[in-house]
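Taken in order, the sequence shown gives residues 2 to 371; the numbers are from the working numbering. Glycine included, C-beta positions come from ideal geometry on N, C-alpha and C. Notes for the one structure printed next.
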Amino acid sequence: MTESVSLRDAVGNVELLDDLLLPDDLPSVEARPLPLLCRANFDTNFEDRNAYVTGISKYIEEATRHAEFAKSNDQPNRVEINMKVVEVLKPEVDKLHSFMHFTNNAIIRFCEEVRRLCHLEKRKDFVSEAYLLTLGRFINMFAVLDELKNMKASIKNDFSTFRRYIDGYEELLADVVNICAHMFEQQLYLNPSERHMFVKVLAFSLFLIDGDAANVLKLDQKKRLSISRLDKIFKSLEVVPLYGDMQIQPFSFVRRSQFYDANRWPLSDKEGDKCHVNIVDKLKSTRSDHESYVTQLAKVNNEVAICDRATSSDAENRELTSLALSGVQLLCQWTADVVETISWKLLHPTNSRDNKDCPEEAEEYERATR
């Protein structure tokens, strides 16, 4: 017979359930344990064992040969081996020593010239155009050698000597910048290397001027430099050859200045997606200039042949000189167009993803030009 429980006791028993501790991380109902079966198999006769052992043995044998070579100090002819190594390396080490001495002497001479020209009394004198252009070629030489040595441009370390110890150097470099900009704009050059040198000197000089202060901006405010003028020059020639098949972007040196302000360079700060030289359109003007020049040259040649004059007047000599100069300038312009197009393409390779007209099996431009 079951024992009767009153309603009050039943409610009390149910309320007692609230006092029970039931952690949340424990399941209310435990699952049935599952057995874990482990089977040991001592059969190690794998199918790829022989191939693995053979492959490893090959490396072990090669490592042994290298170890024997590394232990050349234990060989009886180790002196002969060392002498042979010195004989092979000596020419290259001598080149490095010569380069080091040349660099040191060149830096010393350059610093002396800059220090002399930056003297307070010397600044009152006139500095010739040829002197400024020579300093520009000096800077270009340092920059090219430094860029060849380190494409990440340690130019700051190499040129920091006179930037720290020579007062007033920014005024001298401003003169170099102005004369190079004038020569570039007026096309006062006879070969493409001079044209490219002017732009490189502009960029490197601006980088040097902005040493420990925003000197370029100060010179622009004093009308000693014109940033807008230089901005147009850098935009007109974004890529120049450095040496051989190496190229650089001159304006990248201006960007490296700690005082660089992109708002001051609205044109050059944005890199163009097309080469500044459209070689296809240039062909029409090139043919026209070529035909015109050949016609003038033939005319002068016929006049000289018909007249058969032993002497010529000053006016005739000036005409011949002008004709020869214009011919050289035409050759310079045509060569520069080709060189600058190739340099831009080498620095901006295309692919089938960016250019739909480029086939997937197309050869790399750099490899094709070689």
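Legend entry - Straight-line gap, Ser253 to His183 (C-alpha atoms, nearest Å): 21 Å
Inset, instruction - Inspect the beta-carbon positions of Leu298 and Gly328 and report whether they are closer than 9 Å. - result: yes
Inset, instruction - Could you say if the segment 256-270 and the segment 328-338 meet the contact criterion of at least three C-beta pairs nearer than 8 Å? - result: With a cut-off of 8 Å, the segment 328-338 and the segment 256-270 do not count as touching, because too few Cβ pairs lie within range.
Legend entry - Neighbourhood of Asn356 by C-beta distance below 8 Å, restricted to the same chain and skipping five residues each side: none
Inset, instruction - Can you give me the start and stop residues for the beta strand (DSSP E) that Ala244 sits inside? - result: Going by the sequence as given, residue 244 is Tyr instead of Ala. From DSSP, the beta strand (DSSP E) with Tyr244 extends over 241-244.
Legend entry - C-alpha gap between Phe100 and Leu207, whole angstroms: 26 Å
Legend entry - Proximity below 9 Å, CB of Leu372 to CB of Ile180: Lying outside 2 to 371, the shown extent of the chain, residue 372 is not represented and no answer is given.
Legend entry - Alpha carbon of Val145 to alpha carbon of Phe205, nearest angstrom: 10 Å
Inset, instruction - Take the Cβ of Gln222 as the centre, count every other Cβ of all protein chains shown within 10 Å, and call the residue buried at 16 or more, exposed below. - result: Result: exposed.
Inset, instruction - Look at Val217 and Asp176 and say whether their C-beta atoms are less than 9 Å apart. - result: Result no, Cβ atoms of Val217 and Asp176 do not sit closer than 9 Å.
Inset, instruction - Evaluate contact between the segment 190-204 and the segment 224-235, counting only Cβ atoms and requiring at least three cross-stretch pairs below 8 Å. - result: yes
Legend entry - Whole-angstrom distance between Asp315 and Lys153, CA atom to CA atom: Legend: pLDDT at Lys153 = 46, less than 50; position of this residue unreliable, no value from coordinates given.
Inset, instruction - Look up Gln187 in the DSSP assignment and say whether it is helix, strand or coil. - result: coil
Inset, instruction - Give me the Cα-Cα distance between Leu17 and Leu38, rounded to the nearest whole angstrom. - result: Straight-line Cα distance between these residues: approximately 44 Å.
Inset, instruction - Under the assumption that Ser344 contacts Val241 (Cβ atoms under 8 Å), give the Cβ distance between them as a whole number of angstroms. - result: 7 Å
Legend entry - Simplified DSSP assignment, three categories, for Gln250: coil
Legend entry - C-alpha distance - Val80 paired with Val86, whole-angstrom precision: 10 Å
Inset, instruction - State the DSSP-derived secondary structure class of Ser155, mapped to helix, strand or coil. - result: Since pLDDT at Ser155 reaches only 40, below the 50 mark, its modelled position is unreliable, and the value read off the structure follows with that caveat. Assignment of Ser155 by DSSP, reduced to helix, strand and coil, places it in the coil class.
Inset, instruction - Would you kindly check if the distance between the Cβ of Leu238 and the Cβ of Ile210 is under 9 Å? - result: no
Legend entry - Cα-Cα separation between Ala263 and Arg257, rounded to whole angstroms: Near 11 Å, if we compare the C-alpha coordinates of Arg257 and Ala263.
Inset, instruction - Please go through the same chain and pick out, in chain order, the residues whose beta-carbon is closer than 7 Å to the beta-carbon of Ile249, but skip the five residues on each side of it. - result: Closer than 7 Å at Cβ, skipping near neighbours: Glu148, Val241, Leu243.
Legend entry - Which of helix, strand or coil DSSP assigns to Glu114: helix
Inset, instruction - Using only alpha-carbon positions, find the residue among Thr287, Cys112, Leu136, Glu130 that is nearest to Val372. - result: Not covered by the structure: residue 372. The range shown for the chain is 2 to 371.
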